[in-house]
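Input: a single structure, listed below in structure tokens.
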Amino acid sequence: ADSGSDYKAGSDFAKQVQGNGLNSLKNFSGEQNLPGYTDSPDQTKYYGGVTASGDSSLKSDSALEFSQGDTGKAITESFTNRPPDQISQDAPFIQAAKDTESRADSIVGDTGQSCTAQVVNRSEFTNHTCERDLQVENFCTREATLKDNATTQKVNRTYQQVVTLNYARNTRQWSGNLTIPTNGRLLNASVDGEPLVIPWIEECDSEGKVRDSCKSAVSESLTLFERTFPIDVI
690 ADSGSDYKAG
700 SDFAKQVQGN
710 GLNSLKNFSG
720 EQNLPGYTDS
730 PDQTKYYGGV
740 TASGDSSLKS
750 DSALEFSQGD
760 TGKAITESFT
770 NRPPDQISQD
780 APFIQAAKDT
790 ESRADSIVGD
800 TGQSCTAQVV
810 NRSEFTNHTC
820 ERDLQVENFC
830 TREATLKDNA
840 TTQKVNRTYQ
850 QVVTLNYARN
860 TRQWSGNLTI
870 PTNGRLLNAS
880 VDGEPLVIPW
890 IEECDSEGKV
900 RDSCKSAVSE
910 SLTLFERTFP
920 IDVI
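Residue numbering for the sequence shown follows this note's numbering, starting at 690 and increasing by one per position.
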């Protein structure tokens, strides 16, 4: 084989594969090459376009998934239950530093005109416990319920009212107004009054003792709260 034949073989191979890379990109199918590929993933709802002013519900959904999803719970448990880092004085980097300190004079001592022996304080190592906490942003809601502690108390009250009656000749009736000074339910009522003059009838014409015929002939009545009560003649 010589350089000419080698070049021709390479050139022929290049012509065969020419354009295959571009064709692969043009004819690429996501469904055939990527497991679970879809043209409309659920995450498209978070993209509102280049002019969108916010991230839709991405912030709240991510916080909810972090607090309730298995991945978020695993992360939370990892940094919550992870033991603190303990710095050991036997660590290689500390031992190397201590070794360098002990051989400082042989390493750099008297190596130049400006180098002079100096008394230095030994390094002191203190154990520190460090805790690392990741910032977690959660959304919390608090609901409040108002309870009414009001109670209902029933009180019975008795009122005594004096009602002045006026006689109307055209209707031949006595009438008056009774006003109860409070609101509520009326349980019972009793009426008592001074003697009133009733219209004249022939059976009650005689003076002196009232006869039974006069009592039975009187048909007067008293109306109170839409209820009618008979009047006795004495």
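We put the CB at the ideal spot given by N, CA and C, even for glycine.
Item to check | Alpha-carbon spacing of Ser879 relative to Pro870, whole angstroms | outcome: 17 Å
Item to check | For Asp774, the three-state DSSP class (helix, strand or coil) | outcome: strand
Checklist entry - In angstroms, rounded to a whole number, what distance separates the CA positions of Asn855 and Gly865? => result 6 Å
Checklist entry - Which one or two residues does DSSP pair with Ser864 in a beta bridge? => result Asn855
Next on the checklist: Using only the alpha-carbon positions, how far apart do Leu753 and Thr841 sit?
Outcome noted: 46 Å
Item to check | C-alpha distance - Lys697 paired with Leu714, whole-angstrom precision | outcome: 28 Å
Next on the checklist: Relative to the C-alpha of Val809, which candidate in Arg916, Thr818 and Ala793 has its C-alpha closest?
Outcome noted: Val809 has its Cα closest to that of Ala793, out of Arg916, Thr818 and Ala793.
Checklist entry - Hey, how far is the Cα of Pro730 from the Cα of Val739? => result 19 Å
Next on the checklist: Is the separation between the beta-carbon of Leu818 and that of Pro781 shorter than 8 Å?
Outcome noted: The sequence shown places Thr at residue 818, rather than the Leu named in the question. No, they are not a contact pair.
Item to check | Test item: CB-CB of Gln849 and Leu867 under 8 Å | outcome: No, Cβ-Cβ distance for Gln849 and Leu867 is not below 8 Å.
Checklist entry - Under 8 Å, do Ser908 and Phe918 count as touching if we go by C-beta distance? => result no
Checklist entry - Residues in its own chain within less than 8 Å of Asp759 by CB, not counting five upstream and five downstream? => result none
Checklist entry - Expressed to the nearest angstrom, what Euclidean distance is found between the alpha-carbon atoms of Ala786 and Ala806? => result 19 Å
Next on the checklist: What does the alpha-carbon distance come out to for the pair Thr765 and Ser751?
Outcome noted: Rounded to the nearest whole angstrom, the CA to CA distance from Thr765 to Ser751 is 14 Å.
Item to check | Phe755 (DSSP reduced to helix, strand or coil) | outcome: In the three-state reduction of the DSSP assignment, Phe755 falls in the helix class.
Next on the checklist: For Ser692, report the span of its alpha helix (DSSP H) as first-last.
Outcome noted: Ser692 to Val706
Checklist entry - Skipping 5 residues on each side, what residues in its chain have a beta carbon closer than 6 Å to that of Leu747? => result Tyr735
Checklist entry - Gln778 and Phe755 look like a contact to me (Cβ under 8 Å); what is the Cβ gap, rounded to whole Å? => result That belief does not hold up - the Cβ atoms of Gln778 and Phe755 are roughly 38 Å apart, past 8 Å.
Item to check | Identified DSSP bridge partners for Leu911 | outcome: Phe918
Item to check | Rounded C-alpha distance that separates Asp788 from Thr733 | outcome: Asp788 and Thr733: Cα-Cα distance of roughly 59 Å.
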